[in-house]
Amino acid sequence: MTKAPSKNIPVADSDIDISDAVDAADTRKGIQSVEVSGVIIAALCDFKFPVPLKDLAAAVDMPPAKVHRYLASLVRIGLAWQDDLTGLYGLGPMALRMGISAIERNDVVMRAGRLLRNLAIDLRSSGHLAIWGERGPVLIRTEHGGPPIISTMGLGTVMPLLRSATGQAFLSTMPRGAIEHVIRAEQDILHWDDATVDRLIVETRERGAAVIEGDIVPGLSAISAPVYNLDGAVACCVTLMNPKANYFQPGQPAFDVFLRAIADFTQSWGGKPRDETDDIQTSHVTGTIKDRSALSGGRKGV
219 MTKAPSKNIP VADSDIDISD AVDAADTRKG IQSVEVSGVI IAALCDFKFP
269 VPLKDLAAAV DMPPAKVHRY LASLVRIGLA WQDDLTGLYG LGPMALRMGI
319 SAIERNDVVM RAGRLLRNLA IDLRSSGHLA IWGERGPVLI RTEHGGPPII
369 STMGLGTVMP LLRSATGQAF LSTMPRGAIE HVIRAEQDIL HWDDATVDRL
419 IVETRERGAA VIEGDIVPGL SAISAPVYNL DGAVACCVTL MNPKANYFQP
469 GQPAFDVFLR AIADFTQSWG GKPRDETDDI QTSHVTGTIK DRSALSGGRK
519 GV
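If you count by this note's numbering, then the sequence shown holds residues 219 to 520, one letter each, in order.
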């Protein structure tokens with residue numbers, strides 16, 4: 219005689235380990251079937267187009283029959299979708315709704331503000347958050363986590379694009395066409411040619427952040443890096459300043475802490491930069507930079 223299943227435990231596929239069901243006394247445990255579903259949904263996100271069952275199964279390293287059973291449930295609740303004609307699978311309407319809701323509830327600029335505050339405290343520095351405006355980077359938030367810094371930079375200040383760390387962070391990541399008018403205006407003042415600007419862009423990209431010793435606020439060491447939206451566009455730039463000379467230079471502990479925090483934040487948010495080939499075109503620079511002398515004396519500001 220077959221024993222009837224318990225009313226409190228749903229019938230499960232033979233390949234689902236129900237021993238991992240939620241234990242009310244131990245919140246660290248979870249439901250394995252939910253976690254497996256999450257792996258499949260994540261794989262559907264990674265594919266940029268509807269995918270055959272066999273390819274999806276290969277991507278998650280599971281038997282196709284097992285993946286098919288999970289997909290049947292995911293389709294029913296709208297997290298997955300199957301084309302009636304081709305049989306291919308993609309993300310469903312509920313997945314789209316969840317994604318939009320997540321974006322609405324997780325404003326990247328708001329979260330970057332919390333990142334700025336934490337970094338300022340951890341590295342005993344002052345800093346600001348900037349977004350791109352019509353005339354260049356505009357300060358929208360400031361934080362102080364170290365010795366007071368006397369500065370005329372307040373909310374709404376437009377930072378130089380070529381001579382500030384904040385500006386250089388935007389310069390190295392924004393599409394050239396979107397910022398060309400600001401570049402040209404500052405080139406006329408600084409008497410920089412295109413080759414000098416292009417070398418600055420490549421140098422900043424190679425380093426991973428804009429790092430300078432400034433004269434906009436004399437004696438400050440500054441570092442800045444972008445935070446990206448989900449579509450790869452720059453949402454804002456995070457900048458820190460410290461009165462200690464060379465505090466944020468490559469090789470210093472603060473440089474590594476800053477870059478690691480920016481990378482971890484980007485990963486947690488899900489943003490990523492666009493392919494450089496789609497952005498700024500550096501037509502005057504190829505290969506490794508050997509002569510950086512053209513940049514000396516010009517890379518100033520914070």
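Ideal Cβ positions, reconstructed from N, Cα and C, are used throughout, including at glycine.
Any idea if residue i is buried or exposed, counting beta-carbon neighbours within 10 angstroms, 16 or more meaning buried?
| i | result |
| --- | --- |
| SER439 | buried |
| PHE523 | Because the chain in this structure spans residues 219 to 520, residue 523 falls outside the shown range and cannot be described. |
| MET377 | buried |
| GLY345 | buried |
| SER319 | exposed |
| ARG381 | buried |
| PRO281 | exposed |
| PRO355 | buried |
| ASP406 | exposed |
| LEU347 | buried |
| MET371 | buried |
| GLU431 | buried |
| MET328 | exposed |
| PRO366 | exposed |
| ALA413 | exposed |
| LEU408 | exposed |
| LEU297 | buried |
| ILE397 | buried |
| THR495 | Residue confidence is low: THR495 scores 42 on pLDDT, short of 50, so the model does not pin down where it sits. Its coordinate-derived value is still stated next. Exposed: under 16 other Cβ atoms inside 10 Å. |
| ALA243 | In this prediction, ALA243 has a pLDDT of 41, which is less than 50 and means its spatial position is unreliable; what the coordinates show is noted afterwards. Burial call: exposed. |
First and last residue of the alpha helix (DSSP H) that includes residue i?
| i | result |
| --- | --- |
| PRO393 | Segment: none, PRO393 is in no alpha helix (DSSP H) and carries neither H nor E. |
| ALA427 | That residue, ALA427, is in no alpha helix (DSSP H); it is neither H nor E in DSSP. |
| PRO471 | 471-487 |
| LYS272 | 271-278 |
| HIS409 | Here HIS409 belongs to no alpha helix (DSSP H), and DSSP marks it neither H nor E. |
| PRO282 | 282-294 |
Any idea which residues DSSP pairs residue i with across the strands?
| i | result |
| --- | --- |
| GLN300 | TYR307 |
| MET459 | SER344, ALA440 |
| CYS263 | According to DSSP, CYS263 bridges with nothing at all. |
| GLY351 | GLY354 |
| TYR446 | VAL452 |
| VAL376 | VAL356 |
Tell me where the beta strand (DSSP E) around residue i begins and ends.
| i | result |
| --- | --- |
| VAL356 | 354-362 |
Measuring alpha carbon to alpha carbon, tell me which residue in the options is nearest residue i.
| i | options | result |
| --- | --- | --- |
| LEU314 | ILE259, ASP302, ASN460, ALA276 | ILE259 |
| HIS399 | ARG353, ALA276, HIS286 | ARG353 |
| VAL254 | GLN300, LYS284, SER442, PRO270 | LYS284 |
| ASP301 | PRO270, ARG287, ASP279 | PRO270 |
| SER291 | GLY469, ALA463, PRO471, SER251 | SER251 |
| ASP474 | GLY489, ALA453, SER442, VAL452 | SER442 |
| VAL375 | GLY395, ILE349, THR391 | Correcting the residue identity first, residue 375 is Thr in this sequence and not Val. Comparing Cα positions, the closest option is ILE349. |
| PRO471 | PRO311, ASP340, GLY489, ARG402 | ASP340 |
| MET392 | ALA453, VAL257, GLN467 | ALA453 |
For the structure I just gave you, are there three or more beta carbon pairs, one from the segment 322-336 and one from the segment 352-366, closer than 8 Å? yes
Counting beta carbon pairs with one atom in the segment 413-423 and one in the segment 291-307, are three or more of them shorter than 8 Å? no
Using 8 Å as the threshold, is the segment 379-396 in touch with the segment 476-489, meaning 3 or more CB pairs across them? no
Are three or more beta carbon pairs between the segment 458-472 and the segment 387-401 nearer than 8 Å? no
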